[in-house]
Amino acid sequence: MRMRKKKHSAERIAACSDFLIGDPAIFYGRPRDIFGNDDPVLLEIGCGKGDFALGLAERNEHKNVIAVERIPDVAMFALEKAKADFERRRTAREADDNADAPPLRDNLRVLIGNADYLADWFAPGTFSGLYINFCDPWPKKGYYKRRLTAPGFLGMYRKIVKPGSILEFKTDHGDLFSWSLEQFDAAGFDILKVSEDLHSLPDLSFNIETEHERKFSAEGKPIYFARVRFPSGGEE
Ligand SMILES: C[S@@+](CC[C@H](N)C(=O)[O-])C[C@H]1O[C@@H](n2cnc3c(N)ncnc32)[C@H](O)[C@@H]1O
Numbered sequence: 000m001r002m003r004k005k006k007h008s009a010e011r012i013a014a015c016s017d018f019l020i021g022d023p024a025i026f027y028g029r030p031r032d033i034f035g036n037d038d039p040v041l042l043e044i045g046c047g048k049g050d051f052a053l054g055l056a057e058r059n060e061h062k063n064v065i066a067v068e069r070i071p072d073v074a075m076f077a078l079e080k081a082k083a084d085f086e087r088r089r090t091a092r093e094a095d096d097n098a099d100a101p102p103l104r105d106n107l108r109v110l111i112g113n114a115d116y117l118a119d120w121f122a123p124g125t126f127s128g129l130y131i132n133f134c135d136p137w138p139k140k141g142y143y144k145r146r147l148t149a150p151g152f153l154g155m156y157r158k159i160v161k162p163g164s165i166l167e168f169k170t171d172h173g174d175l176f177s178w179s180l181e182q183f184d185a186a187g188f189d190i191l192k193v194s195e196d197l198h199s200l201p202d203l204s205f206n207i208e209t210e211h212e213r214k215f216s217a218e219g220k221p222i223y224f225a226r227v228r229f230p231s232g233g234e235e
């Protein structure tokens with residue numbers, strides 16, 4: 000994703016620091032110290048401007064979500080959305096004035112960094128689910144190792160998820176999709192659900208749309224979707 004450098008992005012990111020994991024190494028093996036609870040943790044890699052992560056956190060009130068994005072000027076939007084959403088709910092809660100209301104949901108954090116380092120940041124078995132949406136296809140020969148569904152990444156993800164966790168993958172890129180299915184299969188994943196035209200499914204209620212998905216489907220492009228299960232054993 001190419002974009003012009005945003006003005007004041009450091010200040011804008013700093014203003015959302017409550018929703019930012021600044022130094023993940025501090026929390027290695029201790030996600031409780033991020034979220035204040037032991038709820039399962041879901042991971043989105045390459046979250047872009049954050050719509051999917053926000054929806055995932057909203058639908059999974061009793062799970063935590065970490066959204067990783069390597070471009071600070073893009074992650075900034077995800078952070079600002081997380082903050083605005085929390086503040087909107089806090090204002091509504093204050094207006095409601097219900098002393099018996101449960102604590103306000105606060106289950107989304109953004110991490111600015113490159114997925115290459117996930118296994119340095121997170122201990123084995125940290126995550127219960129993983130999401131990759133519209134990752135860069137790296138179509139040129141010689142660059143396939145950079146695809147987020149390449150064998151090297153799948154092996155790393157396997158280390159940081161719990162055994163039997165689910166990975167969901169969406170893309171608009173047919174070649175990347177079929178290549179990725181081959182990689183999932185070769186790495187021993189169970190292929191649970193595949194669609195080469197997600198938006199034609201009769202029941203889409205499970206789907207959380209991403210920014211890119213909205214754009215591509217508005218252009219009439221099919222959206223490819225796979226839900227796969229990590230091989231049992233979790234860690235390699
Ligand atoms: C095409 S965009 C899709 C954004 C969003 N997931 C969506 O569907 O709208 C891919 C995003 O993944 C991020 N990304 C690509 N490789 C990454 C990596 N190795 N680590 C972290 N983020 C990465 C890019 O910076 C970009 O924002």
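Residue numbers for the sequence shown follow numbering that gives the first Met the number 0, so the first one is 0 and each next one is one higher.
Yeah, the Cβ is synthetic: ideal placement off N, Cα and C, and Gly gets one too.
Reducing DSSP to helix, strand and coil, say where residue i ends up.
| i | result |
| --- | --- |
| residue 71 | helix |
| residue 162 | strand |
| residue 19 | strand |
| residue 90 | helix |
| residue 172 | coil |
| residue 145 | helix |
| residue 102 | coil |
| residue 135 | coil |
| residue 207 | coil |
Under 7 Å from any heavy atom of ligand 1, does the C-beta of residue i make it?
| i | result |
| --- | --- |
| residue 219 | no |
| residue 55 | no |
| residue 119 | no |
| residue 87 | no |
| residue 73 | yes |
| residue 209 | yes |
| residue 114 | yes |
| residue 47 | yes |
So who's on the other strand from residue i, going by DSSP bridges?
| i | result |
| --- | --- |
| residue 130 | 43, 167 |
| residue 194 | 224 |
| residue 189 | 228 |
| residue 108 | 65 |
For residue i, count the other beta carbons within 10 Å of its own beta carbon; 16 or more makes it buried, fewer makes it exposed. Which is it?
| i | result |
| --- | --- |
| residue 85 | buried |
| residue 13 | exposed |
| residue 223 | buried |
| residue 50 | buried |
| residue 23 | buried |
| residue 45 | buried |
| residue 146 | buried |
| residue 248 | Outside the displayed span of the chain (0 to 235) sits residue 248, for which this structure offers no information. |
| residue 56 | buried |
| residue 122 | exposed |
| residue 142 | exposed |
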